[in-house]
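Letter 65 of the sequence shown, counting from 1, is numbered 1127 in our numbering, and no numbers are missing. Each residue gets a CB set at the ideal place from its N, CA and C atoms; glycine is no exception. Just so it is clear, the structure is predicted and the values come from calculations on it, not from any experiment. Input: a single structure, listed below in structure tokens.
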Amino acid sequence: MEYTQLIVQEEGEITRISLNRPDKLNALTPTMLQEWRAALEKASTDTTCRVIIINGAGRAWSAGVDLSLFQNIKIEPGFQAWEDGQEIIRLLETMPQVTLCMLNGYCFTGAMELMMAFDLIIAADEAKIGDTHTKWGIPPKWGMTQRLAHQVGLRKAKELSFTAEAISGQEAARIGLVNQSVPLADLKTTVDELAQKIIQNSQQTIAAVKSMYHYGSKHTLQKGLDFERDYQVDLTDKTDNLKNFKKEI
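The following block contains the structure:
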């Protein structure tokens, strides 16, 4: 597929995707969502790909949905762009690769909903993250009210949504919305180092553990425990790792 609003680079075991509308703060368009979905679908079946890193070109990760493109459209839940957004979220949460958000700048509303679906998030201290649905009078459709409450707690989620105020990357790390916050100048190095740590481990086991975490996040503790106990997978890439066991004890 030819990408017009993304930059996709395959670098061995890492696939890098950049949202590429820097003059529009990488605001989400139907085209960008379609391309993003296609890029994830392709990467999800690439057995050489271990980690997917997504960042934004310029000074934003994404400012959210480009309202100028949607203001004259009657948006319904079944509208193709919203379906693409839901599928992007599903892929980020369930594909066997580790999905890593390199949050370099502004991240608002619909973009924040997509952000919360990543496995890991490293933010720049300078990043600004916010739910502005109430500011613009638009109800969320991609899981804001459910994932945000699950990730930071109900009262903090309500505060963020009701005030529509943005928080910094540092504050997002403090409340557990992102894994870590570092100065923007150190962001790429930090993300790359994290990706390399992940790549050293069993890809098949990571995919299995990711499935277990995902199931557990959607069900009760007991169902999650049962799912983990009964999970069956044929692991073939652990032999080399076991050879190194004695070296580490």
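Residue i burial status per 10 Å Cβ neighbour count (16 or more: buried)
i, result
"Asp1296", "exposed"
"Lys1190", "buried"
"Thr1091", "buried"
"Trp1097", "Trp is not the amino acid found at residue 1097; the sequence shown has Glu there. Classification for Glu1097: buried."
"Gln1265", "buried"
"Leu1287", "exposed"
Whole-angstrom distance between residue j and residue i, CA atom to CA atom
i, j, result
"Leu1239", "Asp1299", "32 angstroms"
"Ala1101", "Val1070", "8 angstroms"
"Lys1272", "Thr1156", "7 angstroms"
"Arg1099", "Arg1152", "10 angstroms"
"Thr1077", "Ala1226", "33 angstroms"
"Thr1066", "Gln1284", "46 angstroms"
"Glu1255", "Gly1167", "20 angstroms"
"Glu1064", "Asp1292", "42 angstroms"
"Gly1074", "Pro1202", "37 angstroms"
"Gln1232", "Thr1110", "34 angstroms"
"Ala1143", "Leu1176", "13 angstroms"
"Asp1108", "Gln1294", "22 angstroms"
"Val1253", "Ser1243", "11 angstroms"
"Ser1106", "Ile1200", "32 angstroms"
"Asp1181", "Thr1251", "18 angstroms"
"Ile1137", "Glu1145", "For Ile1137, the predicted structure reports a pLDDT of 47, less than 50, and the residue's modelled location is therefore unreliable. The matter cannot be settled from this model."
"Thr1282", "Asp1248", "38 angstroms"
"Met1206", "His1212", "10 angstroms"
"Val1214", "Lys1280", "16 angstroms"
Terminal residues of the alpha helix (DSSP H) in which residue i lies
i, result
"Leu1256", "1246-1261"
"Arg1121", "Element bounds for Arg1121: n/a, residue is neither H nor E."
"Leu1297", "No alpha helix (DSSP H) holds Leu1297; DSSP gives it neither H nor E."
"Gln1213", "1206-1214"
"Thr1066", "Per DSSP, Thr1066 belongs to no alpha helix (DSSP H) and is neither H nor E."
Nearest-angstrom beta carbon gap, residue j and residue i [assumed within contact, 8 angstroms]
i, j, result
"Ser1230", "Thr1196", "No, Ser1230 and Thr1196 are not in contact; Cβ-Cβ is about 20 angstroms, not under 8 angstroms."
"Ile1150", "Leu1095", "7 angstroms"
"Ala1257", "Val1113", "5 angstroms"
"Ile1079", "Val1160", "Not really, about 14 angstroms apart at Cβ, beyond 8 angstroms."
"Ile1183", "Asn1263", "Rounded, the Cβ-Cβ distance is 19 angstroms, inconsistent with contact."
Enclosing beta strand (DSSP E) for residue i [first to last residue]
i, result
"Tyr1168", "1168-1170"
"Met1274", "Run containing Met1274: none in the beta strand (DSSP E); it sits in the alpha helix (DSSP H), 1265-1280."
"Ile1184", "1182-1186"
"Met1094", "Run containing Met1094: none in the beta strand (DSSP E); it sits in the alpha helix (DSSP H), 1092-1106."
"Arg1083", "First-last for Arg1083: undefined, no H or E at that position."
Cβ pair residue i, residue j closer than 8 angstroms
i, j, result
"Gly1147", "Trp1204", "yes"
"Met1174", "Asp1193", "yes"
"Thr1093", "Val1127", "no"
"Leu1068", "Leu1081", "yes"
"Ala1125", "Ala1089", "yes"
"Ala1228", "Ala1185", "no"
"Val1116", "Cys1163", "For the record, residue 1116 in the displayed sequence is Ile; it is not Val. Cβ atoms of Ile1116 and Cys1163: closer than 8 angstroms."
"Met1178", "Leu1129", "no"
"Lys1220", "Ile1237", "no"
"Phe1289", "Tyr1275", "no"
"Trp1123", "Leu1165", "yes"
Heavy atom of the ligand FAD within 7 angstroms of residue i beta-carbon
i, result
"Gln1208", "The model on display carries no ligand, and the ligand FAD is accordingly not part of it."
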